[in-house]
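Everything on this sheet refers to the single structure shown next.
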Amino acid sequence: MKTCKRRSWGKALKTAAFSAVLTISNLLAKAQDGNAGIQQANTQVRSYFESGTNLMYGIGAILGLIGAVKVYSKWNAGDQDTSKVAAAWFGSCIFLVVVATIIKSFFGL
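The working numbering puts the first residue of the sequence shown at 153, with every later residue one more than the last.
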């Protein structure tokens, strides 16, 4: 009976040691230089930046058209707050375009 328990403990220890070695070797194989990872992330972000800026310009254009329609409808209806609505809509569109341009120039792209 004692030999049976010793064999099961020995087998369990061998299995645990083997799985620990596999885990450590797997972690070492996946490790990379920190600078290389940061550089790769920097390259990926810079590659998406141009399309993101174009998307912001497109959203600004769509918002400008929607704002123009809303201001025109308020103006035709004779509302008193037409200038306030126009300033809000067109100011937000100009802000969006200016922010996209400033961010683009800030990161040197």
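Glycine included, every Cβ here is placed at the ideal spot set by N, Cα and C.
Could you work out which residue in 175, 173, 166 and 203 is closest to residue 252 when comparing CA atoms only? Along the sequence shown, read from residue 1 onward, the residue named residue 252 stands at position 100. For the residues 175, 173, 166 and 203, the minimum Cα distance to residue 252 belongs to 203.
Taking the beta carbon of residue 197 as the centre, do at least 16 other beta carbons fall within 10 Å, making it buried, or is it exposed? Taking the first residue of the sequence shown as 1, we reach residue 197 at position 45. Result: exposed.
Three-way DSSP call (helix, strand, coil) for residue 259 in this model: Locating residue 259 in the sequence shown gives position 107, where the first residue counts as 1. In this structure, residue 259 counts as coil in the three-state DSSP scheme.
Give a yes or no on whether the C-beta atoms belonging to residue 219 and residue 249 are separated by under 8 Å. Walking along the sequence shown from the start, residue 219 turns up at place 67. Walking along the sequence shown from the start, residue 249 turns up at place 97. Not a contact, by the Cβ cut-off of 8 Å.
Return the first residue and the last residue of the alpha helix (DSSP H) that residue 204 is part of. One-based indexing of the sequence shown puts residue 204 at position 52. Note, residue 204: alpha helix (DSSP H), 186-229.
Could you tell me if residue 173 is buried or exposed, where buried requires 16 or more neighbouring beta carbons within 10 angstroms of its beta carbon? Position 21 of the sequence shown holds residue 173. Residue 173 should be labelled exposed.
Grab me the residues of residue 153's own chain with a C-beta within less than 8 Å of its C-beta, minus the 5 sequence neighbours each way, in chain order. Numbered from its first residue, the sequence shown carries residue 153 at position 1. Residue placement at residue 153 cannot be trusted, given a pLDDT of 49 that sits under 50; what the coordinates show is reported in the next sentence. So no residue of the chain qualifies.
For residue 255, tell me which candidate among 195, 167 and 206 has the shortest Cα-Cα distance. On the sequence shown, position 103 is the one that residue 255 refers to. It is 206 whose Cα lies nearest to the Cα of residue 255.
Pop quiz: residue 264 and residue 223 are said to be a contact at Cβ under 8 Å. What is the actual Cβ separation, rounded to whole angstroms? The question about residue 264 has no answer, for the chain in this structure spans 153 to 261.
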